[in-house]
């Protein structure tokens, strides 16, 4: 088997990666739109349908992004024999961050969960940082082996920065993330 055969086999095994990445981005976009709808009439009501459905979409989106990180990690292993340690650390950091996000979202959806298992400050701040660093590292690595155009990770980074600056920019940030991930592992390149 040649290197090109291995790369083709690796890409074929991860055909699900692009649809899951697009779905994760769309779930994030849905959360952002529902968050804006929920705030139209003043303060957001944590028991109203936009809050509940939006946070459910957010939770599913984070799970999907976790799957994307696992897929990127595997795809990078199939396409590059270099920097495996970087890929391993990035995937692990991203998944730990996704777990932190999940913990916070579950606390938002289920107040009794939040009361029973308080969210440490480390999870509140460290989770998003690890999630973003892990995912972005994997995306920049994917662009380095031509699984993604170089501008893809940049758009994802700008989208995450927009979300961090102001949560009301979540729909715009999610659209940027979607645009950045849309061309992930397109076989026509």
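Numbering (this note's numbering), first residue to last: -13 to 175.
Note that CB positions come from ideal geometry on N, CA and C, so glycine has one too.
key: Backbone secondary structure at residue 96 - three-state DSSP   = Three-state result, residue 96: coil.
key: Residue span of the alpha helix (DSSP H) that contains residue 11, given as start and end   = DSSP places residue 11 inside the alpha helix (DSSP H), whose first and last residues are 3 to 24.
ask   = Quick one: what does DSSP say residue 171 is sitting in, helix, strand or coil?
value = If DSSP states are grouped into helix, strand and coil, residue 171 belongs with coil.
ask   = Along the chain, where does the alpha helix (DSSP H) that runs through residue 36 open and close?
value = 35 to 65 is the span of the alpha helix (DSSP H), which, as asked, contains residue 36.
request  = Would you kindly work out how many angstroms separate the C-alpha atoms of residue -8 and residue 26, rounded to a whole number?
outcome  = Because residue -8 sits at a pLDDT of 43, beneath the cut-off of 50, its placement in the model cannot be relied upon, and the point is left open.
query = Looking at residue 133 and residue 81, is the spacing between their C-beta atoms short of 8 Å?
reply = In this structure, residue 133 does not lie closer than 8 Å to residue 81 by Cβ.
query = Taking buried to mean at least 16 other C-beta atoms within 10 Å of its own C-beta, is residue 11 buried or exposed?
reply = The residue is buried, with at least 16 neighbouring Cβ atoms inside 10 Å.
request  = Could you tell me the distance, in whole angstroms, from the CA atom of residue 46 to the CA atom of residue 53?
outcome  = So the alpha carbons of these two residues sit roughly 11 Å apart.
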